[in-house]
Amino acid sequence: MNNSSIDISSAIERRRRISFGVTLLVVGLVIYLLFGSNTKPGSLTTFGLNLLGSQAIEVSDLVIPALPAVHLMAAIAVFTGAYQLARGVRSTGWLIGILAFTFVFAFLMWAAQDKSFNLTGMLQSSLVRATPIALAALCGVISERAAVINIGIEGIMLMSALVAVVTATVSGSLYVGLVSAIIMGGLVAAFHAFLVIRFKVDQIISGVAINIFGAGATSFISSRFMAHATDKLNNSGTFPIIAIPGLSKIPVLGPVLFENNLIVYLTILLVIVMHIMLFYTPWGLRTRAVGEHPKAADTLGVNVYFMRFVNVTLGGMIAGLGGAYFTIGSVGRFDEIMTAGKGFIGLAAMVFGNWNPIGAYTSSLIFGFADSLQVKLQILRVPIPSEFLLMAPYIVTMIILTGVVGRAIPPAADGQPYEK
Amino acid sequence: MSNTTAPEKKEKKRSAIWSELLVPVLAVVSGLILGAIVIVVSGENPFRAYGALFTGSFGSPVRLIDGLQIYSATGETRQLLRAFYPLTESLVTATPYIFAGLSVALGFRCGLFNIGAEGQFFIGALSAAFVGYSIQGLPMIIHLPLAILGGALGGALWGMIPGYLKARFGAHEVVNTIMMNWIAFRLSDWLLDGPMKGPGFRPVTPTIFETAELPRFFPDPLRFNLGFFLALLAAYLVYWFLFKTTLGFEIRSVGANPDAAKYAGMNIVRNFVLVMVLAGGLAGLAGSAQVLGVDYWVGQGFSAGYGFDAIAIALLGKSHPLGVVLAALLFGFLRSGATNMQSMASIPIDIISIIQGMVIVFIAAPEIIRWFYRIRAVKKDETVLTRGWGS
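Chains as they are written, first to last, in this note's numbering: chain A, 116 to 535; chain C, 3 to 393.
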């Protein structure tokens with residue numbers, strides 16, 4: 116019995132080892148054939164490291180000969196693939212990292228040959244674009260750790276985005292907008308929690324209803340009231356960039372990490388706080404117990420319904436912050452359906468991050484990177500239609516959900532109503 | 003049970019049907035009442051707004067009588083046809099809803115939540131349009147079925163991908179179908195401005211040939227066409243498939259209890275893929291019906307919310323084909339009337355989405371309705387609609 120189960124798991128591991136190895140070999144070949152043959156010999160790729168208007172100390176740009184670099188990437192991929200087939204590497208994280216790095220780097224070399232490409236700018240915009248995705252993912256983490264699926268994040272973010280811009284414009288204070296957005300998010304999520312806990316409504320259906328209602332209500336309000344009164348209702352301005360003294364002087368890292376607006380900083384802070392709360396406090400222990408084995412938690416005196424309610428509501432407040440990012444954190448006005456699926460991409464980031472705050476944030480950064488890469492490539496006039504580049508985040512989400520790049524395990528009681 | 007008499011049984015059945023209908027009806031009524039409150043808050047007269055909704059969906063009775071009188075007096079049909087226009091337009095709107103609602107309902111029956119009807123609809127419409135405009139010189143009897151089938155295939159392909167990912171990897175179909183929606187939108191942006199762009203500046207496909215058009219029953223302003231009856235036929239076929247075939251039984255078993263179905267030797271993986279292919283095909287047919295029967299070409303924003311309406315329709319119709327048809331008719335009338343309400347009473351058409359969201363909540367939480375209207379609960383087995391992230 117024991118033996119056979121070990122056999123099965125080692126067979127799975129071997130299949131996985133081979134598939135990773137083969138993928139790496141194929142990627143190496145693709146890099147060599149696709150990018151290598153299309154890169155002109157002798158062309159140089161310039162990576163700009165200075166961001167215009169930033170406080171960082173200037174450094175010289177990185178100039179790399181394109182073709183040798185592409186070949187090097189192909190060689191690294193092929194070598195890692197061969198090593199993986201022969202010996203096997205334990206850490207899948209490293210393999211995925213090498214896979215992604217070689218491919219993206221070679222791709223950039225090819226795309227930006229004989230041109231200049233601002234690396235710092237792209238990393239900075241990756242972090243910014245990752246912010247709403249990360250907040251959606253954190254909302255998912257905190258709700259689902261308590262076993263409540265919240266698929267209505269998209270709708271919550273839309274409603275909060277609208278509330279943020281309207282209250283900020285009317286009151287003249289962005290902080291009022293921020294607080295109202297957070298309250299709005301909390302209220303909608305509390306309603307979701309009320310439906311799924313008190314009435315045991317199917318969690319997915321309740322979430323979908325929130326999405327439909329959110330899209331309808333915001334579009335209704337925007338076209339009925341805001342279209343004709345842009346200045347009075349829909350023109351709030353955005354949070355200013357706050358440069359952290361000292362740290363923002365560091366080249367590359369400074370502009371990327373330490374010259375951002377309030378919401379980006381709050382997101383990073385939230386990741387750390389949530390990590391500590393979830394894994395090092397009694398509250399976190401109770402939350403996880405409620406998500407893994409509610410019956411056991413209940414017998415030990417934890418109020419399952421209360422814990423779930425509080426967590427979902429807190430999650431909604433985080434999603435509300437994410438909604439605020441769309442309006443008062445980035446463009447200063449509301450457009451219909453401006454979230455464009457970010458709430459769902461956040462859920463994928465949550466799954467890929469294995470229901471951990473830090474993991475969720477890291478995978479959000481990958482999505483942010485894909486998103487900003489797509490914008491940059493349009494500027495570089497890469498001969499790929501921009502529509503295909505825009506599809507990239509959605510396709511990455513689907514690939515991640517297949518679990519081929521590391522299977523994620525949800526909380527055991529995720530999505531199940533609790534009956535005493 | 004055995005000693006109940008026949009009339010008693012009949013009585014019991016009748017009351018069961020009644021209580022089955024009660025919650026959906028009250029849910030719609032409550033949704034409309036809440037919608038009226040929203041209209042009042044936004045500073046309009048709800049009676050005027052709903053009046054415009056009614057005449058927009060059924061037509062104004064006065065004009066109908068006038069038209070009839072003119073027709074009986076002079077034989078002139080123009081007035082009469084114009085009076086019938088709103089009613090037929092509602093049926094035209096309901097046609098894709100029936101197909102798309104069936105698509106979502108079929109998924110629910112197998113425990114799958116197909117939010118991707120929107121994308122499947124769009125891809126189906128594009129495929130149908132492609133067959134419609136690219137092939138010339140075929141007789142209608144071949145070209146029209148080919149175009150309809152093209153739409154079904156496009157939708158089926160779009161549904162198959164999340165179905166396969168669910169069956170093979172356990173990837174949740176809710177997120178994947180939504181991702182497929184966004185991919186469909188981007189793909190169509192590219193297609194409409196590139197390979198499938200018709201003559202002219204606007205990013206739309208060329209107009210389909212006449213041989214691919216679904217025949218219309220009345221002269222020009224009226225767009226009522228064969229598609230409506232094809233939708234009813236599809237509803238009957240889905241009913242037959244679900245309740246009269248072995249495969250349908252398997253699908254319902256997998257939906258009701260996958261573990262038990264697996265234990266009974268049913269192939270869950272195959273059923274998931276099959277259902278998503280069929281559901282995608284039905285949504286694709288919705289696209290076919292819309293492009294071949296109504297618009298004759300496809301432009302950006304073609305699939306304005308059909309997929310999400312379809313979810314509300316499937317829930318309202320309790321995933322039963324007959325219920326879906328009735329719910330689709332209701333939404334056809336609502337949507338069609340809302341266009342009139344938007345122009346007459348300047349209430350944005352998005353009010354329908356607000357009402358829809360509330361109806362879904364009420365249907366999913368019948369306790370709210372029962373509590374509010376003081377109806378006693380009927381003890382019965384609740385059907386499982388969706389599951390968590392796991393298989």
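Just so you know, even glycine gets a beta-carbon here, dropped at the ideal spot from N, CA and C. Because the structure is a prediction, the values reported are computed rather than measured.
Residue-level contact to chain C via CB, residue i, 8 Å cutoff
i      : result
E502/A : yes
R131/A : no
V316/A : yes
R509/A : A quick correction: the sequence has Tyr, not Arg, at residue 509/A. Yes, because at least one Cβ of chain C sits closer than 8 Å to the Cβ of Y509/A.
I211/A : no
M237/A : no
M506/A : yes
T138/A : no
S134/A : no
For residue j and residue i, the rounded distance between their alpha carbons
i      : j      : result
S231/A : F162/A : 6 Å
I185/C : I125/C : 10 Å
D450/A : S337/A : 8 Å
I481/A : S345/C : 45 Å
L159/A : A528/A : 54 Å
F187/C : A96/C  : 23 Å
V293/C : F373/A : 52 Å
G390/C : S355/C : Summary for G390/C: the model assigns pLDDT 49, below 50, so the residue's position carries little reliability; its value from the coordinates is reported in the next sentence. The alpha-carbon atoms of G390/C and S355/C are separated by roughly 25 Å.
L164/A : Q228/A : 16 Å
K430/C : L108/C : In this structure chain C extends from 3 to 393, so residue 430/C is not present and cannot be described.
G287/A : F335/A : 23 Å
E175/C : M278/C : 10 Å
K535/A : K410/A : 8 Å
A340/C : G58/C  : 7 Å
Beta-carbon proximity list for residue i, same chain, < 8 Å, skipping 5 on both sides
i      : result
R225/C : T90, E91, V94, R218, G295 and V296
Q199/A : R132, F135, G136, L139 and L210
G447/A : V280, N350, S351, G352 and T353
A190/A : G143
Chain A within 8 Å of residue i, Cβ atoms only
i      : result
F374/C : no
V43/C  : no
M278/C : no
M360/C : yes
I125/C : no
L189/C : yes
W192/C : yes
E369/C : yes
F115/C : yes
A366/C : yes
V31/C  : no
G196/C : yes
I185/C : yes
F132/C : no
I143/C : no
F402/C : Coverage of chain C is limited to positions 3 through 393, which leaves residue 402/C absent and any answer about it impossible.
Bridge partners - residue i, DSSP secondary structure assignment
i      : result
S231/A : T161/A
E374/A : A358/A
G301/C : V206/C
L177/A : F162/A
N227/C : R218/C
Contact set for residue i: own chain, Cβ-Cβ below 7 Å, skip 5 residues either direction
i      : result
A283/A : L289, V291, G292, S351 and I443
L429/A : I257
E78/C  : I72
Nonlocal neighbours in the same chain, by C-beta distance under 6 Å from residue i, ignoring five residues either side
i      : result
V281/A : L348
Y166/C : V275
Worksheet item: Quick one, which residues of the stretch 345-356 of chain C are near chain A if we go by CB-CB under 9 Å, in chain order?
Response: S348, I349, P350, I351, D352, I353, I354, S355 and I356
Worksheet entry | Chain-ordered residues of the stretch 338-349 of chain A with a beta carbon less than 8 Å from chain C | S338, R339 and F340
Worksheet item: What residues from the stretch 249-279 of chain C come within 9 Å of chain A, judged by C-beta to C-beta, listed N to C?
Response: The stretch 249-279 of chain C vs chain A, Cβ under 9 Å: nothing.
Discussion item. If the cut-off is 8 Å on Cβ atoms, which residues from the stretch 412-442 of chain A count as contacting chain C, listed in chain order?
Written reply: Answer in chain order: no residues at all.
Worksheet entry | Interfacial residues, the stretch 318-335 of chain A to chain C, with Cβ spacing under 9 Å | Q318, I319, I320, S321, G322, V323, A324, I325, N326, I327, F328, G329, A330, G331, A332, T333, S334 and F335
Fill in: Members of the stretch 168-182 of chain C that neighbour chain A once the beta carbon cut-off is set at 9 Å
Hits within the stretch, in order: R170, F171, G172, A173, H174, V176, V177, N178, I180, M181 and M182.
Worksheet item: What residues in the stretch 439-466 of chain A have a beta carbon less than 9 Å from any beta carbon of chain C?
Response: Listed in sequence order: E451, A455, G456, F459, I460, L462, A463 and V466.
Discussion item. Please identify, using Cβ separations under 8 Å, the residues of the stretch 375-404 of chain A that lie next to chain C, in order along the chain.
Written reply: none
Worksheet entry | Residues, ordered as in the chain, of the stretch 290-316 of chain A that lie near chain C by beta-carbon distance below 7 Å | Only L310, F314 and V316 from the stretch 290-316 of chain A bring a Cβ to less than 7 Å from some Cβ of chain C.
Discussion item. Can you pull out the residues from the stretch 265-290 of chain A whose beta carbon lies closer than 9 Å to at least one beta carbon of chain C?
Written reply: I266, E269 and G270
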